[in-house]
Amino acid sequence: MTTQDNLQTALTFIDSFNAHDMSGWAARLAPGYSGDYPGVSGANAQVARAFNEAFLPAFPDLTFNVVRTLCQGDTVVIEWTAGGTQDGPLTSATGQVIPPTHRKGMIHGVLLTDVKDGQIVRERTYWDQMELLAQIGLVPA
Numbered sequence: 284m285t286t287q288d289n290l291q292t293a294l295t296f297i298d299s300f301n302a303h304d305m306s307g308w309a310a311r312l313a314p315g316y317s318g319d320y321p322g323v324s325g326a327n328a329q330v331a332r333a334f335n336e337a338f339l340p341a342f343p344d345l346t347f348n349v350v351r352t353l354c355q356g357d358t359v360v361i362e363w364t365a366g367g368t369q370d371g372p373l374t375s376a377t378g379q380v381i382p383p384t385h386r387k388g389m390i391h392g393v394l395l396t397d398v399k400d401g402q403i404v405r406e407r408t409y410w411d412q413m414e415l416l417a418q419i420g421l422v423p424a
């Protein structure tokens, strides 16, 4: 596949999340997929889906915007911003349920993917959890 095809795979991954289409999101994951998120390392497809799905009821208006992309071979890097209002309960990676605060949050992050044959083999997503928690009023700013 071309670098452009790999970029399109990663962008479709984000588009599926923006549409709250977790089945479409999961369809982009290759067999043997591995993902890393703040507080979660080496997640398989099921764990990654559960981690990400927790944000959708908590932030029903959650939207990711692509700031810029970099591609080299099978590697795609996407810098993004994400924003939404915490109008639902948020279940943390440890299982703690955070009640709705009805406050808005906007964070910056980076998605780093390795793509093979049109599917994401490896994902590493970086963003500042403390920044989000401060914006929704759960920790001091």
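Mapped onto the working numbering, the consecutive letters of the sequence shown carry residue numbers 284 to 424.
Note that beta-carbon positions come from the ideal geometry of N, C-alpha and C, so glycine has one too.
| said: Taking the alpha-carbon of L421 as reference, which of D370, T384, Y409 has the nearest alpha-carbon? | reply: T384
Excluding five sequence neighbours on each side, which residues of the same chain lie with their C-beta closer than 6 Å to the C-beta of A365? F347, I390
Exercise. Between D400 and M284, what straight-line distance do the alpha-carbon atoms span, to the nearest angstrom?
Worked result: The straight-line gap from Cα to Cα measures roughly 6 Å.
Secondary structure at R311, three-state DSSP: helix, strand or coil?
coil
Worksheet item: Taking the C-alpha atoms as reference points, what is the distance between V323 and I403?
Response: 17 Å
ask   = Which of helix, strand or coil does DSSP assign to D304?
value = coil
Q: Evaluate the contact criterion for the stretch 356-371 versus the stretch 324-333: three or more CB pairs, one atom per stretch, below 8 Å.
A: no
- Task: Measure from the alpha carbon of L312 to the alpha carbon of each residue in F338, D397, G392, P372, then state which is nearest.
- Result: D397
Review point. Are the beta-carbon atoms of V380 and L294 separated by less than 9 Å?
Key: The criterion of a C-beta distance shorter than 9 Å is not satisfied by V380 and L294.
(Q) Does N289 pass the burial test, meaning 16 or more other C-beta atoms within 10 Å, or should it be called exposed? (A) Flag for N289 reads buried.
### Query
Under the rule that 16 or more other beta-carbon atoms within 10 Å means buried, what is T292, buried or exposed?
buried
**Report entry** Option nearest T368 by Cα separation, candidates T374, L339, D304
**Finding:** L339
Among R405, G388, L395, the one whose alpha carbon lies nearest that of A424 = G388
- prompt: With a CB to CB cut of under 6 Å and the five nearest residues on each side skipped, what residues in its chain are close to D319?
  reply: Counting only Cβ-Cβ distances below 6 Å, and skipping sequence neighbours, we find R407.
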